[in-house]
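To convert, note that position 91 of the sequence shown is 91 in the UniProt record's numbering; the numbers rise steadily by one, no gaps.
Below is one structure; the comments refer to it alone.
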Amino acid sequence: MFYASMRWLSKIILCFIFRIEVIGIKNVPKTGPVIVAANHISNYDPIILSSIFHRKIHFLAKKELFQRRFTNWFFQKLHAIPVDRQSGIVIRPVRRSLKVIENGEVLGIFPEGKRCKNGESIKPKKGVAFFGLKTGAPVLPVAIVYLDTKKWIRKPVKVVIGPMMYLNELKSSDYTVLAEAVMNRSRELGEIYAQVDDYQEILG
1 MFYASMRWLS KIILCFIFRI EVIGIKNVPK TGPVIVAANH ISNYDPIILS SIFHRKIHFL
61 AKKELFQRRF TNWFFQKLHA IPVDRQSGIV IRPVRRSLKV IENGEVLGIF PEGKRCKNGE
121 SIKPKKGVAF FGLKTGAPVL PVAIVYLDTK KWIRKPVKVV IGPMMYLNEL KSSDYTVLAE
181 AVMNRSRELG EIYAQVDDYQ EILG
């Protein structure tokens with residue numbers, strides 16, 4: 001109930017801040033486990049994705065967001081999974097993430113591991129590859145494109161959702177290679193937006 005209420009409230013607030021266009025929404029499976037892998041530019045990214053997906057997303061989030069009593073309660077209610085990026089101890093978040101996938105739910109990951117500026121390219125973390133290969137769950141690549149604009153409100157944003165990727169079909173067991181394949185696909189989706197008008201046809 002709390003998640004649904006916050007999703008409804010977020011959609012209202014986002015309407016005043018952004019003008020969001022979603023492309024390829026039919027690529028989102030209605031049931032079954034899936035790993036959503038998106039580029040990460042803004043703090044709004046998880047809010048935008050949660051508002052447009054009809055299914056609940058369990059996002060991996062930095063541990064710092066959970067340090068205060070209220071924020072810990074808040075993000076736990078949103079089913080976020082804390083990750084300690086400094087210590088490198090990932091046993092607990094890995095177990096929780098695997099449980100999400102085993103339960104047939106949606107796991108949200110930003111493979112870059114941090115917010116990156118437009119055009120910035122960094123080596124993705126291996127987590128998305130580990131979960132995709134370990135569970136066999138499909139990975140749904142997503143590109144979030146914030147258009148350059150001087151507007152203070154209703155800034156245009158494109159969310160491009162590509163067809164699902166099955167990492168066990170890519171004939172590689174190298175987590176680095178597979179993570180880069182996912183991230184490259186997300187970047188390609190953003191480039192498709194920049195070059196072509198009829199995205200719905202391309203994304204099937």
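Where is the CB? At the ideal position from N, CA and C, for every residue including glycine.
It should be emphasised that the depicted structure is a prediction, and the values quoted were computed from it without experimental measurement.
| said: Quick check on residue 46: does DSSP put it in helix, strand or coil? | reply: Three-state result, residue 46: helix.
| task | Express the C-alpha separation of residue 62 and residue 188 in angstroms, rounding to a whole number. | result | Distance between the alpha carbons of residue 188 and residue 62: 26 Å.
| query | Between which two residues does the beta strand (DSSP E) containing residue 106 stretch? | reply | Counting along the chain, the beta strand (DSSP E) containing residue 106 begins and ends at 106-109.
| Secondary structure, alpha helix (DSSP H): runs of 4+ residues fully inside the region 118-191 | Counting only runs of 4 or more, we get 127-135.
| Going along the chain, which residues of its own chain have a beta-carbon closer than 7 Å to the beta-carbon of residue 185, five neighbours each way excluded? | Beyond the five residues adjoining it in sequence on each side, residue 185 comes within less than 7 Å, by CB distance, of 141, 162, 165 in the same chain, given in chain order.
| request: Compute the beta-carbon to beta-carbon distance between residue 146 and residue 155, rounded to the nearest angstrom, for a pair I have assumed lies under 8 Å. | output: With a contact defined as Cβ atoms closer than 8 Å, residue 146 and residue 155 qualify at about 7 Å.
| What are the boundary residues of the alpha helix (DSSP H) that includes residue 92? | Run containing residue 92: 91-102, per the alpha helix (DSSP H) assignment.
| Closest by C-alpha distance to residue 176, when choosing among 8, 114, 127 | The shortest Cα separation from residue 176 among 8, 114, 127 belongs to 127.
| message | Please determine whether the Cβ atom of residue 53 lies at a distance below 7 Å from any heavy atom of the ligand ADP. | response | The ligand ADP is not part of the structure shown, which contains no ligands of any sort.
| task | Could you tell me how far apart the beta carbons of residue 151 and residue 23 are, in whole angstroms, since I believe they sit closer than 8 Å? | result | The distance from the Cβ of residue 151 to that of residue 23 is about 21 Å, inconsistent with a contact at the 8 Å cut-off.
| message | Just to confirm, is the Cβ distance from residue 82 to residue 37 under 8 Å? | response | With contacts defined as CB atoms closer than 8 Å, residue 82 and residue 37 fail to qualify as a contacting pair.
| message | In this structure, how does DSSP classify residue 80 when only helix, strand and coil are distinguished? | response | Coil, per DSSP.
| Cut-off 7 Å between Cβ atoms - residues of its own chain near residue 50, not counting five sequence neighbours on either side | Same-chain partners within the cutoff: 7, 10, 57.
| query | Three-state secondary structure (DSSP) at residue 26? | reply | Residue 26: helix per DSSP, three-state reduction.
| said: Quick check on DSSP: helix, strand or coil for residue 52? | reply: Looking at residue 52 - three-state DSSP - the assignment turns out to be helix.
| Hey, residue 116 and residue 54 are a contact pair by Cβ (cut 8 Å); roughly how many whole angstroms apart? | With 8 Å as the limit, residue 116 and residue 54 do not qualify as a contact, their Cβ atoms being about 27 Å apart.
| query | Quick one: is residue 46 buried, meaning 16 or more other Cβ sit within 10 Å of its Cβ, or exposed? | reply | When all chains shown are included, residue 46 counts as buried.
| Per-residue burial, residue 29 [other beta carbons within 10 Å of its own, 16 or more giving buried] | By the neighbour-count rule (16 or more Cβ atoms within 10 Å), residue 29 is not buried but exposed.
| request: Compare the beta carbon distance of residue 59 and residue 132 with 8 Å and say whether it is the shorter of the two. | output: Not closer than 8 Å, so no.
| Can you list, in chain order, the residues of its chain whose CB lies under 6 Å from that of residue 27, leaving out five sequence neighbours each side? | Excluding sequence positions up to five before and after residue 27, its CB lies within less than 6 Å of the CB of 161, 163, all in the same chain and listed in chain order.
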